[in-house]
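Report on one structure; see the data block that follows.
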Amino acid sequence: MRLEALARAKINLFLHAGTRRPDGYHALASWVAFAATGDRLSVEALPEDIELQVSGPQAAALAPGTDNLVLAAAHAVRAEAGRRGLRHGGAAIALVKSLPVASGIGGGSADAAATLHLLNEFWELDLGFGTLMDLALPLGSDVPVCLYNRSAVMTGRGETIAAGPELPAIPIVLVHPGVPLSTANVFARLATPSGIALPNLPEAIADSRQLAAVLARTANDLEAPAMALAPAIGDALAALRAQDGALLARMSGSGATCFALFADDAAAQNAAIALKRARPNWWIAATRLDC
Ligand code: C5P
1109 MRLEALARAK INLFLHAGTR RPDGYHALAS WVAFAATGDR LSVEALPEDI
1159 ELQVSGPQAA ALAPGTDNLV LAAAHAVRAE AGRRGLRHGG AAIALVKSLP
1209 VASGIGGGSA DAAATLHLLN EFWELDLGFG TLMDLALPLG SDVPVCLYNR
1259 SAVMTGRGET IAAGPELPAI PIVLVHPGVP LSTANVFARL ATPSGIALPN
1309 LPEAIADSRQ LAAVLARTAN DLEAPAMALA PAIGDALAAL RAQDGALLAR
1359 MSGSGATCFA LFADDAAAQN AAIALKRARP NWWIAATRLD C
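When we follow the working numbering, the leftmost residue of the sequence shown carries the number 1109, and every step to the right adds one.
Structure representation (structure tokens):
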């Protein structure tokens, strides 16, 4: 038996932060949606061991063996199965890494969340969503929202998830200017958080223009501190804004990936072609928010 999953890129449409809490984390209010592009995971049976094989265009950026979130997620599921006395075997997990590492679009978090879902199914454990959520948070603040895997408003440190506005397919372009950023370093430089009062959001978004209008009243508070660490983010935002038909450009998460919204797929694809020509060393993808 072989099971597969797509670990979709996470996009923070806005990200508002509060002050630093006593536990070191910042209170957040963030609307998160997911893109049609992502990493691919598959799992096949092994008698006992849990093994991970990584391939794909971004595999080289992952140091082999070190605190890989996929393995941590797999061991978390197995430990939970053990606590409940449930039968399980091992697993040979294959990860095809396409999303840039440490880039603000949750590649590692989405991989971990997909692993929780996959192994729950693969080992036929029947763990409920709440149990998987409990396993998700210790793996990282973005893992719960990636487990939810559709338009969501996340608050708390990231663990409180509510359904976000419904979204149609929204054409977007993602640009990563090649600089990995540590989330902790970006948060440490956050000087002017805008606070976590939730802005008014409609129940559903009709199209890209409406989404851009709603987002224009919001921000990513981490953009300024991330840009101070990686000025190339300013170049990525400027390059996105200069494209024909770009409705709004913003950084996702703690960066450095930036996204721009477009009214139609052709505009997004043309923008990606132009950007790739101008910046052959950047990671650039035309895709859709696809909830
Ligand atoms: O939870 P995660 O491992 O992704 O967090 C990495 C670091 O980012 C934390 O150690 C913390 O410094 C910072 N962070 C934060 N507030 C959050 C999420 C992350 O300050 N809500």
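Yeah, the Cβ is synthetic: ideal placement off N, Cα and C, and Gly gets one too. Since we're looking at a predicted model, the values are computed, not measured.
Query: Between S1249 and ligand 1, is the CB less than 7 Å from at least one heavy atom?; Result: yes
Query: For G1146, is the classification buried or exposed, using 16 other Cβ atoms within 10 angstroms of its Cβ as the cut-off for buried?; Result: buried
Query: Mind checking which residues open and close the beta strand (DSSP E) that includes D1147?; Result: H1134 to L1154
Query: Taking Cβ positions, are P1279 and D1398 nearer each other than 8 Å?; Result: no
Query: Closer than 7 Å: is that where the CB of G1303 sits relative to any heavy atom of ligand 1?; Result: no
Query: Kindly examine ligand 1 and report whether one of its heavy atoms sits closer than 7 Å to the Cβ of T1291.; Result: yes
Query: Less than 8 Å between the beta carbons of L1149 and D1219, yes or no?; Result: yes
Query: D1343 to A1202, Cα distance in whole Å?; Result: 35 Å
Query: For S1211 versus C1254, is the C-beta distance shorter than 8 Å?; Result: no
Query: Using only the heavy atoms of ligand 1, determine whether one of them is closer than 7 Å to the beta carbon of G1126.; Result: no
Query: For the alpha helix (DSSP H) containing C1366, list its first residue and its last residue.; Result: Where C1366 is concerned, there is no enclosing alpha helix (DSSP H), although the beta strand (DSSP E) it sits in stretches over C1366 to F1370.
Query: Determine the contact status of D1157 and G1190, defining contact as a CB-CB distance below 8 Å.; Result: no
Query: Any contact of the segment 1296 to 1313 with the segment 1120 to 1130, i.e. 3+ C-beta pairs under 8 Å?; Result: yes
Query: Please work out which residues of its chain come closer than 7 Å, Cβ to Cβ, to L1285, disregarding the five sequence neighbours upstream and downstream, and give them in chain order.; Result: Checking the sequence shown, residue 1285 turns out to be Pro, not Leu. Excluding residues within five positions, the ones whose Cβ falls inside 7 Å are A1340, I1341, D1343, A1344, A1364 and W1390.
Query: For the pair the segment 1285 to 1294 and the segment 1314 to 1328, tell me if three or more CB-CB distances fall below 8 Å.; Result: no
Query: Examine the Cβ distances between the segment 1356 to 1363 and the segment 1372 to 1389 and report whether three or more of them are shorter than 8 Å.; Result: no
Query: Where do the ends of the alpha helix (DSSP H) carrying M1241 lie?; Result: F1237 to A1244
Query: Let me check understanding here. Comparing Cα to Cα, which of L1136, R1385, E1159 and S1259 lies closest to A1144?; Result: S1259
Query: Quick one: grab the DSSP three-state call for A1220.; Result: helix
Query: Could you give the DSSP three-state label for I1278: helix, strand or coil?; Result: strand
Query: Can you list, in chain order, the stretches of the alpha helix (DSSP H) that have 4 or more residues and sit fully within the segment 1254 to 1337?; Result: 1291 to 1296, 1316 to 1323 and 1331 to 1337
Query: Please report the residue range of the alpha helix (DSSP H) in which V1185 lies.; Result: L1177 to R1191
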